[in-house]
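J.:
2 protein chains.
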Amino acid sequence: MTANQLTVSQALERMRRGLLSPQELLTDCLDRIRQKEDSTQAWLHLDAEAAQRSLAAPDKAAGQRLLPGIPVGIKDIIDVRGMPTSCNSPASSHDAATRDAAFVGLLRAQDAVILGKTDTVEFASGGRRARTRNPHDPLRTPGASSSGSAAAVADFMVPLAFGTQTAGSVIRPAVFCGIYGFKPSHGAISLEGVKPVAPSVDTLGWFTRSAADLALVAGGLGLALPAATAPSVGLKGLRLGLCRTPYWHRAELAGRAVLDRVADRLSAAGAELVEITLPAPFDGLAEALDIISQAEGGRALQTEYVTQGTRLAPDFRQRVEQASALSANELLPALDLVAACRPAFDALFRDGPDALITLAAPGVAPLLAKGTGDPIFCGMWTALHAPTLAIPAGRDPTSGMPIGIQIVGARQSDGALLALGEWIAKVIDPAASPAREEN
Amino acid sequence: MTANQLTVSQALERMRRGLLSPQELLTDCLDRIRQKEDSTQAWLHLDAEAAQRSLAAPDKAAGQRLLPGIPVGIKDIIDVRGMPTSCNSPASSHDAATRDAAFVGLLRAQDAVILGKTDTVEFASGGRRARTRNPHDPLRTPGASSSGSAAAVADFMVPLAFGTQTAGSVIRPAVFCGIYGFKPSHGAISLEGVKPVAPSVDTLGWFTRSAADLALVAGGLGLALPAATAPSVGLKGLRLGLCRTPYWHRAELAGRAVLDRVADRLSAAGAELVEITLPAPFDGLAEALDIISQAEGGRALQTEYVTQGTRLAPDFRQRVEQASALSANELLPALDLVAACRPAFDALFRDGPDALITLAAPGVAPLLAKGTGDPIFCGMWTALHAPTLAIPAGRDPTSGMPIGIQIVGARQSDGALLALGEWIAKVIDPAASPAREEN
Numbered sequence: 151m152t153a154n155q156l157t158v159s160q161a162l163e164r165m166r167r168g169l170l171s172p173q174e175l176l177t178d179c180l181d182r183i184r185q186k187e188d189s190t191q192a193w194l195h196l197d198a199e200a201a202q203r204s205l206a207a208p209d210k211a212a213g214q215r216l217l218p219g220i221p222v223g224i225k226d227i228i229d230v231r232g233m234p235t236s237c238n239s240p241a242s243s244h245d246a247a248t249r250d251a252a253f254v255g256l257l258r259a260q261d262a263v264i265l266g267k268t269d270t271v272e273f274a275s276g277g278r279r280a281r282t283r284n285p286h287d288p289l290r291t292p293g294a295s296s297s298g299s300a301a302a303v304a305d306f307m308v309p310l311a312f313g314t315q316t317a318g319s320v321i322r323p324a325v326f327c328g329i330y331g332f333k334p335s336h337g338a339i340s341l342e343g344v345k346p347v348a349p350s351v352d353t354l355g356w357f358t359r360s361a362a363d364l365a366l367v368a369g370g371l372g373l374a375l376p377a378a379t380a381p382s383v384g385l386k387g388l389r390l391g392l393c394r395t396p397y398w399h400r401a402e403l404a405g406r407a408v409l410d411r412v413a414d415r416l417s418a419a420g421a422e423l424v425e426i427t428l429p430a431p432f433d434g435l436a437e438a439l440d441i442i443s444q445a446e447g448g449r450a451l452q453t454e455y456v457t458q459g460t461r462l463a464p465d466f467r468q469r470v471e472q473a474s475a476l477s478a479n480e481l482l483p484a485l486d487l488v489a490a491c492r493p494a495f496d497a498l499f500r501d502g503p504d505a506l507i508t509l510a511a512p513g514v515a516p517l518l519a520k521g522t523g524d525p526i527f528c529g530m531w532t533a534l535h536a537p538t539l540a541i542p543a544g545r546d547p548t549s550g551m552p553i554g555i556q557i558v559g560a561r562q563s564d565g566a567l568l569a570l571g572e573w574i575a576k577v578i579d580p581a582a583s584p585a586r587e588e589n
Numbered sequence: 151m152t153a154n155q156l157t158v159s160q161a162l163e164r165m166r167r168g169l170l171s172p173q174e175l176l177t178d179c180l181d182r183i184r185q186k187e188d189s190t191q192a193w194l195h196l197d198a199e200a201a202q203r204s205l206a207a208p209d210k211a212a213g214q215r216l217l218p219g220i221p222v223g224i225k226d227i228i229d230v231r232g233m234p235t236s237c238n239s240p241a242s243s244h245d246a247a248t249r250d251a252a253f254v255g256l257l258r259a260q261d262a263v264i265l266g267k268t269d270t271v272e273f274a275s276g277g278r279r280a281r282t283r284n285p286h287d288p289l290r291t292p293g294a295s296s297s298g299s300a301a302a303v304a305d306f307m308v309p310l311a312f313g314t315q316t317a318g319s320v321i322r323p324a325v326f327c328g329i330y331g332f333k334p335s336h337g338a339i340s341l342e343g344v345k346p347v348a349p350s351v352d353t354l355g356w357f358t359r360s361a362a363d364l365a366l367v368a369g370g371l372g373l374a375l376p377a378a379t380a381p382s383v384g385l386k387g388l389r390l391g392l393c394r395t396p397y398w399h400r401a402e403l404a405g406r407a408v409l410d411r412v413a414d415r416l417s418a419a420g421a422e423l424v425e426i427t428l429p430a431p432f433d434g435l436a437e438a439l440d441i442i443s444q445a446e447g448g449r450a451l452q453t454e455y456v457t458q459g460t461r462l463a464p465d466f467r468q469r470v471e472q473a474s475a476l477s478a479n480e481l482l483p484a485l486d487l488v489a490a491c492r493p494a495f496d497a498l499f500r501d502g503p504d505a506l507i508t509l510a511a512p513g514v515a516p517l518l519a520k521g522t523g524d525p526i527f528c529g530m531w532t533a534l535h536a537p538t539l540a541i542p543a544g545r546d547p548t549s550g551m552p553i554g555i556q557i558v559g560a561r562q563s564d565g566a567l568l569a570l571g572e573w574i575a576k577v578i579d580p581a582a583s584p585a586r587e588e589n
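Chains L and Y, in that order, are what the protein sequence lines are. Here the first sequence stands for residues 151 to 589, where the numbers follow the numbering used here. Here the second sequence stands for residues 151 to 589, where the numbers follow the numbering used here.
Set out below in structure tokens:
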């Protein structure tokens, strides 16, 4: 086993025990990138020299470091000092950023090593796609828009990478690539230095290869982790809400099967599964999110529209041109609907389930020719500002591709959801059996 | 009259008629700054050479330019290419920004001339104050936090400057300094490149010396200006809601007097004035905004907290330390309250008044020793995401200081509010009489 195959937690443990050096980890990650980048195409910018310099001169501030020597990929709509922020667009300035995005500064303070920028759908929202392929099948999408970050982690190039989610761009690529993804409550982590898509819903997220890693990173970013209400000794007594959502008719056979299989396993492990039907107003969330994304998205690209001419792709130009009319007529009802649903959603968890279990995508990763996949099972949770966590659940027997589910909690229940994710992962992810974790 | 005393509209008109060159305007503004900066202290960074270069090489893009040659000041929490963004803080990087904030790019596309960065309360929200003095009395505050921008416009250094408002940092300094200020609907203009304070309420705003200028700038920034419902021939038939707010007990004599005087004048001009009492849940808006500002504000400075140590002022450190607990317990009820009040506020205008008229501050600008003034009459409209516009209304007879009021509209009624502002200004601002406007 080479060091690039280790999870964040495993690598840190080996480093603590003197069995691995940060230099070895970096070298193995760079070797892996060299071997696989031609086929996976996860990176838009790689700076091995800057990474080496980080290792040679770790940050000087005092205190315990949570991510010492951990190589990290950053979605290329996010500023990293000394690297261009291309947004995968000819309409974006490709000058090197002089400042880190706020959370990148936190990563550096934890002595993480920023290795480079990962490919993304243009401006994380339209235009041209990432060139990235799914590491499990180069003919399939890794899922938009944080494609490069998900694929880099799934392909063992880095143990940790960051993306953003406006509809489903963290959770969907995570399950398409067979890894873990976490999107915290909206607003939990500053988006200063991240190109906006739709600010009222945009949320940072990250990808790892274990549930424990997701929580470790949350701590490193200063995310408030209230005392977990999740079980300390297993799933017994937990109530999980099985939520098929108003969009169940769009689930494919593979998706329906995995949710049934996961529910059976969790029941067998002692959890109580209850079917949850969302109140009627929630039926409008997908359409509302679409309006918000279009209207706010148009405003976010107003400057590119005015200054970049036809370098800005036609679908973005159209979005900007339609944003005014949308804002005047449809944006406020959409914003008010999702705002009213948020406390109603939180209320479902009072004397209700500890978390919801639901699909993360209709099925497995589609073929590249069919697009980047459908965010329909993700968007409503993003609009609700709820934390959500993607967990792999083995492979779909028909396609052989990875498949997974997501768990969703009330706003600000991030800590409990992360703890719960670790327990559920032990039951449903064949790669996360306790035996392997202890190895 | 020197050119620096002209409003934006007046300067543009003279330039169109060949009576003024952009170079003369810039020279007069720079001369004025040279004369007055020692006492007013509006600027943290001035770049006359960059301004000269802008004049020599106007932006190349096609189309009509709305602000050609207009010198502009930018609050120093906003990125301007080639200038440091100090946030008036030792905890901020003072490296020159490589990119313009999104709206600054729009200003350049209108051929505006970015002259420099104006002083601000530290991180626009606490810590140390701006050094700026009120141009009408150097012993008084210009009002926080967009102090420098308001004072630079009031002191005839530039005809246009930009600030931000999280509670009352555009509207309050505007009336304290006797000028016009506009805060559009939340989200109307991208805040990319602006240091966040509390993203769910932060809004860009601008200062000018006429109501017409406010609207001109709105157009230049691509703000949707729906067909104005404001009167084309005066105030006759208009309904204006006189709103004393739940905080009327905090209004001083000067404030109470100016609202009465303005109401009388508008009645005399033909408007129908109706007293508006806000529904009971609105009583909680000020406290809710305070919680949002503290909790979101703590998250916005998390990176500075971790990386800058004691260079970050004690009140900010405390805010970061308390943000987690606030977020877990009080933030969501506060966010949900203001979200529920927003559509209720808009509903007040259906078959109701065309706009509200209300105080912008309890009284005139306080003495510097007493702080930067109370945002209590501004915060609720900011929390409601409503557009609001400050209009000068002469001088308080007791102190001799400028005093003014604000008008507030439903969300997304920015265009109508700007048009209404022009009519109301003609009635209540002695400096905006039609005779003078035509001059």
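In this text, a Cβ means the ideal position worked out from N, Cα and C, and glycines have one as well. None of these values were measured; they are calculated from a predicted model.
Can you tell which of 386/L, 461/L, 448/L and 489/L has the C-alpha that lies nearest to the C-alpha of residue 431/L?
T.: That would be 489/L, whose Cα lies nearest to the Cα of residue 431/L.
J.: Does the stretch 521-538 of chain Y come close enough to the stretch 467-479 of chain Y that 3 or more CB-CB pairs lie under 8 Å?
T.: They do not touch, by the three-pair rule.
J.: So, for residue 360/L: in the same chain, excluding its five sequence neighbours on each side, which residues have a beta-carbon less than 7 Å away from its beta-carbon?
T.: Contacts found: 157, 159, 330 and 582.
J.: Run through DSSP, which three-state label would residue 424/Y get?
T.: If DSSP states are grouped into helix, strand and coil, residue 424/Y belongs with the strands.
J.: Is there a Cβ of chain Y sitting closer than 7 Å to that of residue 552/L, yes or no?
T.: Not closer than 7 Å to any Cβ of chain Y, the Cβ of residue 552/L fails to qualify, so no.
J.: Using DSSP bridges, identify the partner residues of residue 225/L.
T.: In DSSP, residue 225/L forms a bridge with 268/L.
J.: Examine chain Y for any beta-carbon lying closer than 7 Å to the beta-carbon of residue 340/L, and answer yes or no.
T.: Yes, because at least one Cβ of chain Y sits closer than 7 Å to the Cβ of residue 340/L.
J.: Answer with buried or exposed for residue 267/L, where buried requires no fewer than 16 other C-beta atoms within 10 angstroms of its C-beta.
T.: When all chains shown are included, residue 267/L counts as buried.
J.: Look at residue 528/Y and residue 321/Y and say whether their C-beta atoms are less than 7 Å apart.
T.: Yes, they are a contact pair.
J.: Is residue 507/L helix, strand or coil by DSSP?
T.: The answer is strand: DSSP assigns residue 507/L an E or B state.
J.: Less than 8 Å between the CB atoms is what I'm expecting for residue 564/L and residue 373/L, so what's the real figure, rounded?
T.: So it is a contact: roughly 6 Å between Cβ atoms.
J.: Closest by CA to residue 411/Y, which one among 181/Y, 553/Y, 357/Y and 227/Y?
T.: Per the Cα distances, 553/Y.
J.: Distance cutoff 7 Å, beta carbons only. Does residue 252/L sit that close to anything in chain Y?
T.: So, interface residue.
J.: Report the partner residues of residue 195/L according to the DSSP bridge assignment.
T.: 267/L, per the DSSP bridge assignment.
J.: Do you know how far the Cα of residue 362/Y is from the Cα of residue 352/Y?
T.: Using only the alpha carbons, I get a separation of about 24 Å.
J.: Between residue 152/L and chain Y, is the shortest Cβ-Cβ distance under 7 Å, so that the two count as touching?
T.: With 7 Å as the cut-off, residue 152/L does not count as an interface residue toward chain Y.
J.: Of all the CB atoms in chain L, is at least one closer than 7 Å to the CB of residue 456/Y?
T.: Answer yes: the Cβ-Cβ gap between residue 456/Y and chain L drops below 7 Å somewhere.
J.: Could you confirm whether any beta carbon from chain Y is found closer than 7 Å to the beta carbon of residue 353/L?
T.: By this cut-off, residue 353/L is not an interface position.
J.: Less than 7 Å between CB atoms is the rule here; does residue 452/Y satisfy it with respect to chain L?
T.: Interface residue, yes.
J.: Leaving out five residues on either side along the sequence, give the residues of the same chain with a beta carbon under 6 Å from the beta carbon of residue 397/L.
T.: Contacts found: 526.
J.: What residues are listed by DSSP as bridge partners for residue 287/Y?
T.: Its beta-bridge partners are 284/Y.
J.: Roughly how many angstroms separate the alpha carbons of residue 175/Y and residue 303/Y, rounded to a whole number?
T.: Roughly 14 Å between the two C-alpha positions.
J.: The alpha helix (DSSP H) that contains residue 455/Y, what's its start and end?
T.: Unbroken alpha helix (DSSP H) run through residue 455/Y: 452-458.
J.: Is the Cβ-Cβ distance between residue 178/L and residue 153/L less than 7 Å?
T.: Yes. Within cutoff.
J.: By Cβ distance below 6 Å, which residues in the same chain neighbour residue 408/L in space, the five residues on each side in sequence not counted?
T.: Around residue 408/L: 543 and 553.
J.: Classify residue 561/L as helix, strand or coil using the three-state DSSP reduction.
T.: It is coil, neither helix nor strand.
J.: By how many angstroms is the C-alpha of residue 487/L removed from the C-alpha of residue 434/L?
T.: Their backbone Cα atoms lie some 8 Å apart in a straight line.
J.: Looking at the unbroken beta strand (DSSP E) that takes in residue 314/Y, where does it start and where does it end?
T.: Run containing residue 314/Y: 310-315, per the beta strand (DSSP E) assignment.
J.: For the stretch 495-506 of chain Y against the stretch 390-406 of chain Y, are there 3 or more C-beta pairs whose distance is under 8 Å?
T.: These segments touch.
J.: Distance cutoff 7 Å, beta carbons only. Does residue 569/L sit that close to anything in chain Y?
T.: No, residue 569/L does not count as interfacial toward chain Y.
J.: Quick one: what does DSSP say residue 475/Y is sitting in, helix, strand or coil?
T.: Helix, per DSSP.
J.: Rounded to whole angstroms, what's the CA-CA distance from residue 228/Y to residue 400/Y? Just pull it up for me.
T.: Roughly 32 Å separates the two Cα atoms.
J.: Please state the DSSP three-state secondary structure of residue 293/L.
T.: Residue 293/L falls in the coil class under three-state DSSP.
J.: Can you tell me where the alpha helix (DSSP H) holding residue 531/Y begins and where it ends?
T.: Note, residue 531/Y: alpha helix (DSSP H), 529-533.
J.: Would you say residue 562/L faces chain Y, with C-beta separation under 7 Å as the test?
T.: Closer than 7 Å: yes.
J.: Do you know offhand how far residue 364/Y's Cα is from residue 354/Y's?
T.: Answer to the nearest angstrom: the Cα atoms are 13 Å apart.
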